[in-house]
Every structure is written in structure tokens, then in C-alpha cells.
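Numbering (our numbering), first residue to last: 2 to 486. Comments concern the structure below.
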Amino acid sequence: MNKLFKLSVFFFLLHHSLFAQADPEPAVDSIFHSVVLIRNEGFNTENKTQPWMKKNLSTGFGSGLVLPNQTILTNAHVVRDAKRILVKSSFTKKEYLADVKYIGYDCDLALLQVNDPDFSEQTTTLSFLEGIPNLGSDVLLLGFPNGNDSLSVEKGSILRFEKNRYTYSGLDYRNVLKINANIQPGNSGGPAVQNGKVVGLVFQISTLEPGIAYLISNDIIRHFLEDIADGKYDGFPNIGFTFQNGNPKSLKQAMKVPPNQTGIFVNRIYPSSTFSKVLKEKDFVIALDNLTITNDGEISQSNKKEFIIDWIENKQMNSKVAVSFYRAGKKYDAEVNLQKNYALDLYRDSTEDYFLQAGFVFQPITRSFFHSEDGDLDSSLKYHYSYFIQDLLYRYTVRDIVLSYTFNDPETSKYKKYKYKVVESINGRVPKDLNEFKTIWKNEKKGFIVLRFRGMDLPIVLRPESVYQMNQRVKKRYGASYEEF
Numbered sequence: 002m003n004k005l006f007k008l009s010v011f012f013f014l015l016h017h018s019l020f021a022q023a024d025p026e027p028a029v030d031s032i033f034h035s036v037v038l039i040r041n042e043g044f045n046t047e048n049k050t051q052p053w054m055k056k057n058l059s060t061g062f063g064s065g066l067v068l069p070n071q072t073i074l075t076n077a078h079v080v081r082d083a084k085r086i087l088v089k090s091s092f093t094k095k096e097y098l099a100d101v102k103y104i105g106y107d108c109d110l111a112l113l114q115v116n117d118p119d120f121s122e123q124t125t126t127l128s129f130l131e132g133i134p135n136l137g138s139d140v141l142l143l144g145f146p147n148g149n150d151s152l153s154v155e156k157g158s159i160l161r162f163e164k165n166r167y168t169y170s171g172l173d174y175r176n177v178l179k180i181n182a183n184i185q186p187g188n189s190g191g192p193a194v195q196n197g198k199v200v201g202l203v204f205q206i207s208t209l210e211p212g213i214a215y216l217i218s219n220d221i222i223r224h225f226l227e228d229i230a231d232g233k234y235d236g237f238p239n240i241g242f243t244f245q246n247g248n249p250k251s252l253k254q255a256m257k258v259p260p261n262q263t264g265i266f267v268n269r270i271y272p273s274s275t276f277s278k279v280l281k282e283k284d285f286v287i288a289l290d291n292l293t294i295t296n297d298g299e300i301s302q303s304n305k306k307e308f309i310i311d312w313i314e315n316k317q318m319n320s321k322v323a324v325s326f327y328r329a330g331k332k333y334d335a336e337v338n339l340q341k342n343y344a345l346d347l348y349r350d351s352t353e354d355y356f357l358q359a360g361f362v363f364q365p366i367t368r369s370f371f372h373s374e375d376g377d378l379d380s381s382l383k384y385h386y387s388y389f390i391q392d393l394l395y396r397y398t399v400r401d402i403v404l405s406y407t408f409n410d411p412e413t414s415k416y417k418k419y420k421y422k423v424v425e426s427i428n429g430r431v432p433k434d435l436n437e438f439k440t441i442w443k444n445e446k447k448g449f450i451v452l453r454f455r456g457m458d459l460p461i462v463l464r465p466e467s468v469y470q471m472n473q474r475v476k477k478r479y480g481a482s483y484e485e486f
């Protein structure tokens, strides 16, 4: 039996056992043994937009829910960038080393693995509630607020089942349970329990309403566990196109769609997305998997209406879906594999990747710039971040590059106004991403480097001997190492 097959079997059984109907309610002591404190030791840069600066050792805290086979479910933000993870129960002083097995930034979930066989003797596991808890019902929230060694139990109540933004990614809208409870930092990753069953995982606190927090709902947890059953995490598929409702009869007539046919008009399709090889703008989509789409973009199934975006995201990546649509009066049927919308990665990433040469620092545009304390961002940078999708800027580059920092040096002082300008070309070529930018620079290093920027009439022109001298001065004065070729 190969390793991948073993993993698939294990996570299938794990998911099945956790969500199967369990009868007797576990004892209170058993519930308390199912939660662990998580200590995350890692290194953080002082400034995400200046990643060459000295990194500081930091310790973060969170909570985790013990699952079978010495695994722990927690939030992705609790263990992100961890160099060392220690977990412990409230009932023992022993700490156990844990490793991140899988992490999903788009759903703020992570699965840890503990290898010490003694861990399972100190902990217990719980099953998950099938369905949604009743509104107004009480839950117990277990965790380790502020990293305290002793387990804390907080009472809360279910207010609403809704869709909300997951603040960790800043982009994804997924199902949550809104609760009324006093949640503190350190509770993240801890379970909410009702009648001995897990109803969700604590993951964020409202910044607008005091005493309000949110749980990752069990359907999202189930999707995550099903996803990793093949030994890797793929994430949630995305519909990959925008659309408008199919109500206008005159538009249907113009597009040669049968007047009584329900469906939606395709507005824009994103590259390398689910339907990018099948659909075109102005197509009229009428069904997915032979399920009729209403004019408002809903699918009716088992007497339940579901928005097509939710219907897609509830499925696993690479699942096959049949699509039926009209184009220029003719009906077509096709099949697609569900994919991500890769053009949205710009809004997810906060990479620390950079390229330092000649006293200049170049970085791909990411959300890090818009969460930094530097409020003097260039308008063209804001535009290219905000409208990268809307104005189809992805047709030209995979990721725009920005001059993010200029070290103080006699040769660079005259280019202060170029900070936060977007690179237009290097030696006449438009780099599609930072790696290609580095490659062009490397290949042209023996000659002049000519850098043009959007919004600037004059380029930056660098002589090879000047590049070498500036690299040496920056390294000596600031301890910032340039990339050697």
C-alpha cells in the first residue's frame, strides 16, 4: 500500500468518524481533555514591506481541537510562519512538538501532527454536530485566552448563521456562526461545544460590536478535511466569471436566447479559471449538472435554493461539472474541472519576496503595502492593486512589480520620487513577475540597466560599475545583502 493511498484512507476515515452520528454525550472531563494550548515560535520582520530588515523572535498563542490519530485542528493564523510549535493539555506540564501537516489560508484552518505516542494518552477527541445549531441556543467555548496555561470555558449563544469576510485572508466570504461571547486573543482555534459535540471553531472577533465573535462553521471544516483526504490541500473552487441576471427579455432576444429560458448572462471570464476554456462573454448559462439556473443565479435542489457561487464553492477542486449554455442562438453542453480564480492571488498574498540591487528594493505588489504604516502610497500603485482584475491588467503581467524602497546613497538620492512607482519595463521588456525581472537583470548585468516606471517620463539608468559600487556600500552601511549572480 503506497503512502498516498494510506493518507487517503486515513483522512477519509477521519472525516467519516468525526461527522458520523455519535450517541452518548461525552463526560465533561473528556470534553476538557479535547482542547490544547498551542505555542507558535517564529520570526517576524519589523516591517512586511521591508523584509530585509532584522527579524525578531516572537511567540504566539492559540488553541486547538484534538482529532484522531494525534492530529490537532486549529486556525491557520495561529501557526502561520511557525519555526517551532509546542502543544500541551491543561492537565499536564508536558509540552509536545507538533508540525503543520496541512494549512488552508483561504479558510483559516490548519491541521497539526504530534508524533509522540504519549500525546494520545493525555487527550480525547469529540465528534462534530451534523447540521446547524439552533439560533439562540447556548454553546461552551473552550480555549486558552492570552496564552494562559489553564483551560478557560466561556458561555456563549448562537445569534446567526451567515456569510462573512474571513479577515485573515481579507478576501474570502464563507459561512460563519455569529455568537455572543467574551472571546480573547488566544481563544482562536478553540472549539465551541454543544451537548458534547463541536459546532464550530473560534477564529475572529468583531471590531465593531463588543462581545461578538465568529465561528468557522462545520461545513467549512468538513470541506477542509475532505480536501486533505488525498494528501494535499487544494482549497475552494471559484466560479471564475462575473454575470448579470437573465431577466431582460430584449437582451435575450438580441442574444437569440429562447424567451422563456431562465439563466444568467456571462459578463467577464478570468484567465485560468474554471470556465475560461468553455464560456465566452455574452454566453447565457442555463444549467449546471442539469440543475436549472434561475434568472437570479440560483440553483434549486431538494426544495432548497442555493446561489451558484456557493454551489460551486461547496464542491472540491477538480470535481467535474457539466454546463449548458446558449451562444448566438445555439445550445451547447460541456464539462469542466473546478479550479481556483488564480487572478485573485494578488489579494491573498503578503509575500516577503524581494530583489535588492544597486540600493533599490523591488517587490511584487501585495496586500502588505496596504496594511503597512506608510500612508504615502502612489496613486498608480493603488490603482493597479484595486483594478488589477476589473480593468484586465492581468493580461499584461502576472504580478506588477514596485520600487518599494531606496537606500540612502549618493547615486540613489535623486530617485526618491520613484518610490512606490510600478515598473513598466526593464531594458525594453515587460517582466511578467519578479522572477522574470531578476532573470532580465542577470542577463543584462554587463551592460546598462534601463528601468522605466508608470507615471514617470525619465527612466532610471544604471551603469554596471555603479551597480557594483552601490551594492557594496549598501551592504557595508546597512547590512542588507544584495542578490549575487
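A virtual CB, placed ideally from N, CA and C, is assigned to each residue, including glycine. Given the structure is predicted, the values throughout are model-derived calculations rather than measurements.
>> Using 8 Å for Cβ pairs, my map puts residue 112 next to residue 198. What's the rounded Cβ distance?
In response: Locating residue 112 in the sequence shown gives position 111, counting from the first residue. Locating residue 198 in the sequence shown gives position 197, counting from the first residue. Not quite, the Cβ-Cβ distance comes to about 19 Å (not below 8 Å), so this is no contact.
>> Spatial neighbours of residue 299 within its chain, please: C-beta separation below 8 Å, excluding the five flanking residues on both sides.
In response: For the purposes of this step, residue 299 is taken as residue 298 along the sequence shown, with counting starting at 1. Once the five neighbours on either side are set aside, the close Cβ partners of residue 299 are 306, 307, 308 and 309.
>> Bridge partners for residue 158 per DSSP, in chain order?
In response: As a first step, residue 158 is located in the sequence shown; it is residue number 157 there, counting from the start. Paired residue(s): 139 and 181.
> Would you say residue 370 and residue 399 are within 9 Å of each other, going by their C-beta atoms?
Replying inline: For the purposes of this step, residue 370 is identified with residue 369 of the sequence shown, where counting begins at 1. For the purposes of this step, residue 399 is identified with residue 398 of the sequence shown, where counting begins at 1. Contact: no.
>> Let's test the definition: count the other Cβ atoms within 10 Å of the Cβ of residue 204 and tell me whether it reaches 16, buried, or not, exposed.
In response: Here residue 204 refers to the residue found at position 203 of the sequence shown. That one is buried.
>> Rounded to whole angstroms, what is the Cα-Cα separation between residue 367 and residue 106?
In response: What you label residue 367 is simply residue 366 of the sequence shown in a count that begins at 1. What you label residue 106 is simply residue 105 of the sequence shown in a count that begins at 1. Distance between the alpha carbons of residue 367 and residue 106 is about 15 Å.
> By how many angstroms is the C-alpha of residue 86 removed from the C-alpha of residue 196?
Replying inline: Numbered from its first residue, the sequence shown carries residue 196 at position 195. Numbered from its first residue, the sequence shown carries residue 86 at position 85. Rounded to the nearest whole angstrom, the C-alpha separation of residue 196 and residue 86 is 31 Å.
> Cβ-heavy atom distance between residue 401 and the ligand NAD below 8 Å?
Replying inline: You won't find the ligand NAD in this model; it holds no ligand whatsoever.
> What three-state label does DSSP hand residue 430 in the structure shown?
Replying inline: Start at 1 with the first residue of the sequence shown, and residue 430 comes out as number 429. Three-state result, residue 430: strand.
> Nearest CA to the CA of residue 417: which residue from 436, 152, 362 and 26?
Replying inline: Taking the first residue of the sequence shown as position 1, residue 417 is located at position 416. Measuring from the Cα of residue 417, the nearest candidate turns out to be 362.
> Are the stretch 226-246 and the stretch 312-327 touching, with three or more C-beta to C-beta distances below 8 Å?
Replying inline: yes
> Which same chain residues, not among the five before or five after residue 330, have their C-beta less than 6 Å away from its C-beta?
Replying inline: Sequence index remark: in the sequence shown, residue 330 carries index 329 (1-based). Correct list, in chain order: 257.
> Within this structure, are the beta carbons of residue 183 and residue 212 separated by less than 9 Å?
Replying inline: If you number the sequence shown from 1, residue 183 lands on position 182. If you number the sequence shown from 1, residue 212 lands on position 211. Yes, Cβ-Cβ distance for residue 183 and residue 212 is below 9 Å.
> What residues are listed by DSSP as bridge partners for residue 192?
Replying inline: Counting from 1 along the sequence shown, the entry for residue 192 is found at position 191. Per DSSP, 202.
> Would you say residue 286 and residue 337 are within 9 Å of each other, going by their C-beta atoms?
Replying inline: Numbered from its first residue, the sequence shown carries residue 286 at position 285. Numbered from its first residue, the sequence shown carries residue 337 at position 336. Contact flag unset, no.
>> Measuring straight from C-alpha to C-alpha, what distance separates residue 210 and residue 141?
In response: One-based indexing of the sequence shown puts residue 210 at position 209. One-based indexing of the sequence shown puts residue 141 at position 140. Each residue's Cα considered, the two are about 20 Å apart.
> Any chance the stretch 175-190 sits against the stretch 213-223, with 3 or more Cβ pairs inside 8 Å?
Replying inline: Three or more beta-carbon pairs separated by less than 8 Å link the stretch 175-190 to the stretch 213-223, which places the two stretches in contact.
> Can you list the alpha helix (DSSP H) stretches of 4 or more residues lying completely in the stretch 65-149, in chain order?
Replying inline: For the stretch 65-149, whole alpha helix (DSSP H) runs of length 4 or above, ordered along the chain, are 77-80 and 120-123.
> Taking just the CA atoms, how far does residue 380 sit from residue 422?
Replying inline: In the sequence shown, the residue the question calls residue 422 occupies position 421. In the sequence shown, the residue the question calls residue 380 occupies position 379. Between residue 422 and residue 380, the C-alpha separation is close to 9 Å.
> Is the distance from the Cβ of residue 168 to the Cβ of residue 34 below 9 Å?
Replying inline: Sequence index remark: in the sequence shown, residue 168 carries index 167 (1-based). Sequence index remark: in the sequence shown, residue 34 carries index 33 (1-based). No, the Cβ-Cβ distance between residue 168 and residue 34 is not below 9 Å.
> Does the beta-carbon of residue 4 have 16 or more other beta-carbons within 10 angstroms, so that it is buried, or is it exposed?
Replying inline: By 1-based counting over the sequence shown, the position of residue 4 is 3. Its pLDDT being 42, under 50, residue 4 is placed unreliably in this model, and the coordinates cannot settle the point.
> Taking the alpha carbon of residue 457 as the point to measure from, which residue in 321, 425, 448 and 444 has its own alpha carbon closest?
Replying inline: If you number the sequence shown from 1, residue 457 lands on position 456. Answer by Cα proximity: 425.
> DSSP on residue 474, reduced to helix/strand/coil?
Replying inline: As a first step, residue 474 is located in the sequence shown; it is residue number 473 there, counting from the start. Residue 474: helix per DSSP, three-state reduction.
> Which residue comes first and which comes last in the beta strand (DSSP E) that contains residue 263?
Replying inline: Residue mapping note: residue 263 aligns to position 262 of the sequence shown, counting from 1. No beta strand (DSSP E) holds residue 263; DSSP gives it neither H nor E.
>> Here's a check: name, in chain order, each residue in its chain whose Cβ is nearer than 7 Å to the Cβ of residue 302, leaving out the five neighbours to either side.
In response: Here the question's residue 302 lines up with position 301 in the sequence shown. The answer, listed in chain order, is 292.
> Would residue 359 pass as a contact of residue 468 if the rule is Cβ separation under 9 Å?
Replying inline: Position 358 of the sequence shown holds residue 359. Position 467 of the sequence shown holds residue 468. Their beta carbons are under 9 Å apart, which means residue 359 touches residue 468 by this criterion.
>> With H, G and I counted as helix, E and B as strand and the rest as coil, what does DSSP make of residue 444?
In response: If you number the sequence shown from 1, residue 444 lands on position 443. Of the three classes helix, strand and coil, the one that applies to residue 444 here is helix, per DSSP.
> In whole angstroms, what separates the C-alpha of residue 427 from that of residue 455?
Replying inline: Counting from 1 along the sequence shown, the entry for residue 427 is found at position 426. Counting from 1 along the sequence shown, the entry for residue 455 is found at position 454. Roughly 12 Å separates the two Cα atoms.
>> Looking at the secondary structure, which residues open and close the alpha helix (DSSP H) in which residue 255 lies?
In response: By 1-based counting over the sequence shown, the position of residue 255 is 254. Looking at the DSSP string, the run of the alpha helix (DSSP H) that includes residue 255 is 250-255.
> Are there 16 or more other CB atoms within 10 angstroms of the CB of residue 29, so buried, or fewer, so exposed?
Replying inline: What you label residue 29 is simply residue 28 of the sequence shown in a count that begins at 1. Exposed: under 16 other Cβ atoms inside 10 Å.
>> Within a Cβ cutoff of 7 Å, which residues of the same chain sit near residue 410, ignoring the five residues on either side of it in sequence?
In response: Here residue 410 corresponds to residue number 409 of the sequence shown, with the count starting at 1. Correct list, in chain order: 360, 471, 474 and 475.
>> Tell me the rounded alpha-carbon separation between residue 420 and residue 74.
In response: As a working mapping, residue 420 is identified with position 419 in the sequence shown. As a working mapping, residue 74 is identified with position 73 in the sequence shown. The alpha-carbon atoms of residue 420 and residue 74 are separated by roughly 42 Å.
> Is there contact here, the stretch 157-171 with the stretch 131-141, by at least three beta-carbon pairs under 8 Å?
Replying inline: Look at the beta carbons and you see the stretch 157-171 touching the stretch 131-141: at least three pairs across the two are nearer than 8 Å.
>> Below 8 Å on the Cβ atoms is my contact criterion, and I expect residue 406 with residue 229 to pass it. Report the Cβ-Cβ distance as a whole number of Å.
In response: To locate residue 406, count along the sequence shown from 1; it is residue 405. To locate residue 229, count along the sequence shown from 1; it is residue 228. Going by Cβ atoms, the distance from residue 406 to residue 229 rounds to 38 Å, so no, they are not a contact pair.
> Given that a residue counts as buried once 16 or more other Cβ atoms are within 10 Å of its Cβ, and exposed if not, what is residue 151?
Replying inline: Against the sequence shown, residue 151 aligns to sequence position 150. Exposed.
> Would you call residue 245 buried or exposed, if buried means 16 or more other Cβ atoms sit within 10 Å of its Cβ?
Replying inline: Residue mapping note: residue 245 aligns to position 244 of the sequence shown, counting from 1. With fewer than 16 other Cβ atoms within 10 Å, it is exposed.
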